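S.K.:
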Amino acid sequence: ADPDDRARAEAADPALNEAIVIGLPQLPRRFDPLDDLEPWAQRIADDLVFEGLVRRAGDRYPWVEPAIADRCEVDREYAVASVFCHVPSGIRFHDGSELSMDDVVYSLGYWIDPRRGWIRQRHGLANLQKIEIVDGPRGAGTAERDVGRWVRIDFDKREPLALEALAAIKIVPHELHRASPTRFAQQPIGTGPMKLSGVGQDRLVAERFADHHDPARIVPSGKLVFRAIADGAQALTALRRGEIHLLPEVAPSHVPVELGKPGMAGRFQAWLVSPPRWDLLLWN
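Residues 581 to 864 in my numbering are what the sequence shown lists, from first letter to last.
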């Protein structure tokens with residue numbers, strides 16, 4: 581869609597200008613995607629702020645689609661020892677700097693460090709072995725080569741789920757991350773469809789990244805606000821008043837009460853599990 585047409589449509593639709601407010605018991609404080617993250621930090625990092633070469637998608641092999649890379653090839657389907665990914669030029673980080681192949685090599689290579697064996701194991705990347713810049717996959721014709729814009733990722737054992745596993749590795753600006761991983765974790769900069777524009781004591785603000793490289797991934801809502809509301813009753817009151825729009829974590833003591841209200845029971849499905857567990861999402 582033409583950017584001017586999209587801007588006019590957004591200006592005419594108040595729903596696209598209104599911030600969506602999400603209530604959480606506690607806000608995450610660290611967003612370094614090259615480190616271990618708590619669940620909500622992982623969601624924000626994966627879905628909004630950062631991207632990998634590929635992202636998980638689809639219901640069949642290889643269960644991924646292009647993200648930062650516009651093309652990835654494997655040496656042998658279902659038994660992968662090497663992955664070749666092409667990274668186009670012109671992709672920008674939230675601070676306006678252009679993503680470079682140094683950023684790609686740094687982000688992928690960070691996981692090869694022996695001290696990070698535990699996180700590789702956890703994400704199915706225990707066999708990750710080597711990262712290098714190449715001219716293209718073997719047998720690629722001249723028209724397919726983009727010298728210096730291909731990265732080759734090698735595994736020391738054949739890895740059928742290599743591409744899906746690679747979706748866990750997000751690309752970061754290497755100079756900022758290397759200068760201070762601690763500061764970067766608190767002020768993250770990625771290439772994702774939203775950027776963190778405000779990190780306060782009681783709220784996080786994520787805004788649409790207008791220069792995102794994939795028009796299909798530009799989010800319809802201009803702003804997301806994550807509010808910290810530790811008290812379960814207070815969170816439900818804020819939801820009823822319309823102060824928040826989404827309450828993904830309802831305190832267990834309030835779940836039976838909410839489900840018992842008139843007209844509520846028919847909206848939910850239940851399974852008998854042991855030990856018992858509640859998963860309830862409320863929204864306006």
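The beta carbon of each residue, even a glycine, is placed where N, CA and C say it ideally should be.
Model, not experiment: these values are computed from the prediction.
Under DSSP, the alpha helix (DSSP H) around Asp683 begins and ends at which residues?
M.R.: Per DSSP, Asp683 belongs to the alpha helix (DSSP H) from Met681 to Gly689.
S.K.: Rounding to the nearest angstrom, what Cα-Cα distance links Leu679 and Ala790 in this structure?
M.R.: 16 Å
S.K.: Could you give the distance in angstroms between the alpha-carbon of Arg816 and the alpha-carbon of Pro773?
M.R.: This sequence places Leu at residue 816; Arg is not what is there. For Leu816 and Pro773, the distance between alpha carbons rounds to 30 Å.
S.K.: Straight-line CA distance for Val566 to Ala747?
M.R.: Limits of the chain in this structure are 581 at one end and 864 at the other, which puts residue 566 out of reach.
S.K.: Arg763: buried (16+ other C-beta within 10 angstroms of its C-beta) or exposed?
M.R.: exposed
S.K.: With DSSP run on the structure shown, which of helix, strand or coil describes Trp698?
M.R.: helix
S.K.: Quick check on this structure: which residue in Arg640, Ala810 and Pro668 has the alpha carbon closest to the alpha carbon of Ala649?
M.R.: Pro668
S.K.: Among the residues of its own chain, which have a CB less than 8 Å from the CB of Arg783, if the five just before and after it don't count?
M.R.: Leu607, Val805, Phe806, Arg807 and Ala808
S.K.: By the DSSP assignment, the alpha helix (DSSP H) with Val837 in it spans what residues?
M.R.: Val835 to Leu839
S.K.: Between which two residues does the beta strand (DSSP E) containing Gly778 stretch?
M.R.: Met774 to Val779
S.K.: Any contact between the segment 741 to 761 and the segment 638 to 649? By contact I mean 3 or more CB pairs, one from each, below 8 Å.
M.R.: yes
S.K.: Tell me, to the nearest whole angstrom, how far the beta carbon of Gln766 is from that of Arg609; I am working on the premise that it is less than 8 Å.
M.R.: 7 Å
S.K.: Taking the alpha carbon of Arg758 as the reference point, which residue from Phe611, Tyr686, Gly846 and Gln814 has its own alpha carbon closest?
M.R.: Tyr686
S.K.: Can you tell me whether DSSP reads Glu645 as helix, strand or coil?
M.R.: Judged by DSSP in its simplified three-state form, Glu645 adopts strand.
S.K.: Give the DSSP-derived three-state secondary structure of Ile671 in the structure shown.
M.R.: Ile671 sits in coil when the DSSP states are folded into three classes, being neither helix nor strand.
S.K.: Gly670 to Gly728, Cα distance in whole Å?
M.R.: 14 Å
S.K.: First and last residue of the alpha helix (DSSP H) that includes Ala621?
M.R.: Pro619 to Ile624
S.K.: Out of Pro740, Asp616 and Trp730, state which residue places its alpha-carbon closest to the alpha-carbon of Arg702.
M.R.: Nearest option by C-alpha distance: Asp616.
S.K.: Use the C-beta contact count for Pro753: other C-beta atoms within 10 angstroms, 16 or more gives buried, fewer gives exposed.
M.R.: Label assigned to Pro753: buried.
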